[in-house]
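Reading through the structure tokens given below for one structure.
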Amino acid sequence: MLRNMVDEIAAWFARSFPPQKGLTLWLILMGLIVAYVVIFFGLQLLKPRARKSLIAVVTFLAGLFYALEFFLPTELIDGKETNALTRFLVPMSEFAQIVAVLALGLGIYSLTMIHGKTLLRFRTGWFYSLTFFTFMILMATFGIMVEEPFSREAQINRDIRSILFVGGLQALEGTMFSIIAFYIVSAAYRAFRVRNAEASLLMAAAFIVMLGQVYAGQFLTNWLPTEGALSNLRIETMSDWLLTRINAPAVRAVGFGLGVGLLATALRIWLSLERGSYFDREV
Amino acid sequence: MEHSDPVNSTLTFIICAAILTMIFRSRRGKQPFIRRIPGLNAIDDAVGRATEMGRPMLLQPGLGGIDVITLQALAILAYVARAAARFGNRIIMPVADASFIPVAEEAIRESYNLEGRVESFRAEDIMFLSDRQFAFAAGVAGLINREKVATAFLFGLFFAESLIMAENANQIGAIQVAGTPSTTQIPFLIAACDYVIIGDEFYAATAFLTREPTLVGSLVGQDIGKAVILLICILGVLITTIMGPDNFLMNWFTPLWWKR
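Protein sequences appear in the order of chains A and B.
All residue numbers for the first sequence refer to this note's numbering, where the first residue is 60 and numbers rise by one.
All residue numbers for the second sequence refer to this note's numbering, where the first residue is -7 and numbers rise by one.
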């Protein structure tokens, strides 16, 4: 019954708002932008209590949609488990993406303010800010530029974008990622210093697991039989035992705790039960 | 798309009912006991140290967007910001998601306002660096080294970049308190930070810090939920040991069994 009702509503929307082209599309887009601006400023005029209530209602409705979609019984249609609300998942995620894209301007504003001040006042590290502005303008220019797909200009544009993105950004990110190897060594050195019983236990366990992962380590106990009681003393068996019998249950237990904690926090946010921190008190 | 099955729905309903019951019970004034969490006790010490040294504190809500984990991290960091406002410390909060800036600004401004120091709040100290993981990590590492932060609070969703930030803060001698639900990053943070809250302590933190009835009640409800899961685990072990792997309890928890 619910599926039929939702289908009828969806069909009515499809009939009432058919796809548009040309001038009509642009007029609708302009109208929506005006409506967005009116709603935005309208929300600013609301009293804090009314705004809070509105946020609570919108949060509840959005959460209710996802909860119902997850919990309602499903049918197998075209090889997919679906219920009455499943078809709206994609439009909902697209809507969330549109809201997220609106934040792009906030990011650019924040970066421009920070680096603009540093550059204008020639503070320490002003050249980093200059580098930021140079590459932001370059990336934006060659990213936005549109040409004929197979023209010579398009090829040049693609090459410059490739130099900036693959040759520049990705190479720099790769460098940062590779630094982690050195940080792991320095962090491990501190963690494995034998200071107390727990640290000794940690070091012994880590030693066995590390040896169990490399051939040189497995070679040490290669002379032991592969079957029978003595096989349990082989380094790879001990390593496997530590990982699957000690580590995995502990990680799963932590996972259970995290799952319940996440559920509780989500429930408080969904029902606007949270007090203090970021919902209740007003400046 | 993933959907629930009857066992999943029943279990979720039981846990949610336990959480809500305990929240409303706690709101009526029946405050339960919460054990100490050493990592959270260290927050005030870490803030005090930054005050003594006259250096800023780094608050890091991780790489998440506006989601439950990052909002929880923000709630913890808002408490730290309140302590910072009380002692007149400067805080620096780089974020990786531009849409998170207004939410973070609002929460931190509120913390300063609650301490009557709203004029000390500097909106420019909550800054967007980059939404790319390692560009963000490089930016945070640069901030840590340039500003010589006295303490670093790393709470939120972290991935491989966690160690870059934690090790940089460690190298300049900053005290670090961290907490994350990312189980793969917990070992790195334990190795590099002074105090780490692990697992669901991350979600218990706000209840421990603020002692607000809603949060404390929720925490007790979570414990009841965990007790239910533990009971099912024990039953599962016993029944599987006695009856073998093809038993009714195992079948209930197998999604395909419900589709037969």
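Ideal placement from N, C-alpha and C gives every residue a C-beta, glycine not left out.
6 Å CB neighbourhood of residue i in its chain, flanking five on each side removed
i         : result
ILE182(B) : VAL188
ASP339(A) : Residue placement at ASP339(A) is flagged as unreliable, the pLDDT there being 49, under the threshold of 50; the coordinate-derived value follows with that caveat. Correct list: empty, nothing qualifies.
PRO24(B)  : VAL212
THR62(B)  : PRO53, GLY56 and GLY148
GLY217(B) : ILE7 and ALA10
MET119(B) : PRO86
PHE194(B) : GLY171 and PRO173
SER336(A) : Here SER336(A) scores only 48 on pLDDT, less than 50, and its place in the model should not be relied on; the value that follows carries that caveat. There are no such residues.
ARG62(A)  : ALA143
ALA38(B)  : THR143, ILE167 and VAL169
ALA161(B) : ILE136, ALA144 and GLN168
ARG20(B)  : none
Own chain, CB closer than 8 Å to residue i, minus 5 neighbours either side, in chain order
i         : result
GLU67(A)  : none
ILE43(A)  : This structure gives no information on residue 43(A), because the portion of chain A shown stretches from 60 to 342.
PHE180(B) : SER154, LEU155 and ALA158
PRO326(A) : The identity of residue 326(A) in the sequence shown is Leu, whereas the question assumes Pro. So the qualifying residues of the chain are LEU332.
GLN272(A) : SER298
ALA133(B) : ILE156, MET157 and ASN160
GLY131(B) : PRO86, LEU121 and SER122
Beta-carbon proximity check, residue i vs residue j, cutoff 9 Å
i         : j          : result
ILE221(B) : LEU3(B)    : yes
PHE147(B) : ALA65(B)   : yes
PHE197(B) : VAL208(B)  : A small correction: the amino acid at residue 197(B) is Ala; Phe does not occupy that position in the sequence shown. No.
LEU223(A) : PHE191(A)  : no
MET85(B)  : LEU106(B)  : no
ALA291(B) : ARG74(B)   : What the structure shows of chain B is the stretch from -7 to 252, and residue 291(B) is not part of that stretch, so it cannot be assessed.
THR202(B) : TYR71(B)   : yes
GLY31(B)  : VAL169(B)  : yes
GLU128(A) : HIS(-5)(B) : yes
GLN79(A)  : ILE87(A)   : yes
ALA127(B) : LEU165(A)  : no
THR206(B) : SER1(B)    : no
ALA184(B) : ALA246(A)  : yes
GLU111(B) : MET172(A)  : no
ILE239(A) : ALA152(B)  : yes
GLY314(A) : THR246(B)  : no
THR232(B) : ASN239(B)  : yes
ILE257(B) : PHE113(B)  : One cannot answer for residue 257(B) here, as it falls past the ends of chain B, which runs -7 to 252.
ALA99(B)  : ALA77(B)   : no
ARG101(B) : MET49(B)   : no
ALA323(A) : SER210(B)  : yes
GLN125(B) : GLU232(A)  : yes
Beta strand (DSSP E) segment containing residue i, residue limits
i         : result
GLU134(A) : 134 to 136
PRO86(B)  : 83 to 87
VAL169(B) : 167 to 171
Same chain only: Cβ atoms within 7 Å of residue i, ignoring 5 sequence neighbours per side
i         : result
PRO237(B) : none
SER283(A) : In the sequence under discussion, the amino acid at residue 283(A) is Leu, which differs from the Ser named in the question. Closer than 7 Å at the Cβ level, and outside the excluded window around LEU283(A), lie LEU289, SER290, LEU292 and ARG293.
GLU341(A) : Low confidence applies here, because GLU341(A) scores a pLDDT of 42, under 50, leaving its location unreliable; read the following figure in that light. Result list for GLU341(A): PRO107, in chain order.
PHE201(A) : ASN216, ILE219, ARG220 and LEU223
ASP36(B)  : ALA75
ALA357(A) : Outside the displayed range of chain A (60 to 342) lies residue 357(A), so it cannot be described from this structure.
THR193(A) : none
LEU227(B) : LEU241
Contact list for residue i against chain E, beta-carbon separation under 8 Å
i         : result
THR175(B) : Absent from the structure: chain E. Protein chains present are A and B.
Limits of the alpha helix (DSSP H) - the one that residue i falls within
i         : result
LYS351(A) : Because chain A in this structure spans residues 60 to 342, residue 351(A) falls outside the shown range and cannot be described.
ILE189(B) : Where ILE189(B) is concerned, there is no enclosing alpha helix (DSSP H), although the beta strand (DSSP E) it sits in stretches over 187 to 189.
GLY56(B)  : Run containing GLY56(B): none; DSSP gives neither H nor E here.
SER259(A) : 256 to 272
MET235(A) : 230 to 250
ILE305(A) : It is not in any alpha helix (DSSP H) - ILE305(A) carries neither H nor E in the DSSP assignment.
ASP215(B) : 205 to 235
ILE68(B)  : 60 to 79
GLY202(A) : 185 to 203
ASP66(A)  : 61 to 75
THR202(B) : 193 to 202
GLY175(A) : 163 to 179
ILE219(A) : 211 to 221
TRP244(B) : 240 to 244
ILE164(B) : No alpha helix (DSSP H) holds ILE164(B); DSSP gives it neither H nor E.
Sheet register partners of residue i (DSSP bridge)
i        : result
GLU13(A) : Any property of residue 13(A) remains undetermined from this structure, which presents chain A solely from 60 to 342.
Near the ligand FMN: residue i beta-carbon under 8 Å from a heavy atom
i        : result
ARG19(B) : Judged by which ligands are present, the structure shown has none, so any question about the ligand FMN falls away.
| Taking the runs of the alpha helix (DSSP H) that are 4 residues or longer, which of them lie wholly in the segment 17 to 50 of chain B? | 30 to 45
| request: Please go through the segment 94 to 162 of chain B and give each complete beta strand (DSSP E) segment of 3 or more residues, from N-terminal end onward. | output: 118 to 120 and 143 to 149
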